[in-house]
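K.L.:
I'd like to ask some things about the structure below.
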Amino acid sequence: MGDAVYELYVRTCYLLPPRRLSDFHNQVVAQVRAESQAKHLRSLEPHLTESELEILRRGRNAATSSSRRLDPKIYQQATSLETLMGYLYLTNPQRLTQLLAHLELDPH
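For the sequence shown, this note's numbering gives the first residue as 46, with consecutive numbering after it.
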């Protein structure tokens, strides 16, 4: 669920101004890749509470498999971010909105 929440947020951010569909798709894909998610997680960490850090830890520990093309640490970070997004979507949407506002998405 967290991956869907995260991707929907990214898609919404890049929706305007209108652009070619392929450009829109490429921008979204660049931001929802595990490497970008790991980078976004690192930028959010200073803003997280102790309980949110615990959710990250649990999500990271749940990431038992990874892609062959990725460093397992990056995969774990991306999974933990998705876990936090899903958890906050279900339990505290207002806090989710606050954290998403801290994300620095590449405008290009």
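Beta carbons: idealized from backbone N, C-alpha and C, even for Gly.
On a predicted model such as this, the values are computed, not experimentally measured, just so you know.
Tell me whether Arg113 sits in a helix, a strand or coil according to DSSP, three-state version.
P.N.:
The residue you call residue 113 lines up with position 68 of the sequence shown. Note: Arg113 maps to coil in three-state DSSP.
K.L.:
Give me the residue from Lys118, Pro117 and Glu90 with the minimum Cα distance to Leu129.
P.N.:
If you number the sequence shown from 1, residue 129 lands on position 84. Nearest of Lys118, Pro117 and Glu90 to Leu129, Cα basis: Glu90.
K.L.:
Considering just the uninterrupted stretch of the alpha helix (DSSP H) at Thr142, what are its terminal residues?
P.N.:
Residue 142 sits at position 97 when you count from the first residue of the sequence shown. It spans Pro138 to His147 - the alpha helix (DSSP H) in which Thr142 sits, taken as one unbroken run.
K.L.:
With DSSP as the reference, label Thr128 as helix, strand or coil.
P.N.:
Translated into positions along the sequence shown, residue 128 becomes position 83. If DSSP states are grouped into helix, strand and coil, Thr128 belongs with the helices.
K.L.:
Comparing C-alpha positions only, which one of Ala108, Tyr132 and Ser88 sits nearest to Ala146?
P.N.:
Stepping through the sequence shown from its first residue, residue 146 is reached at position 101. Taking only the C-alpha atoms, the option nearest Ala146 is Ser88.
K.L.:
Tell me which same chain residues have a C-beta within less than 7 Å of the C-beta of His92, skipping the five on either side of it?
P.N.:
Numbered from 1 along the sequence shown, position 47 holds the residue referred to as residue 92. Here the set comprises Leu144 and His147.
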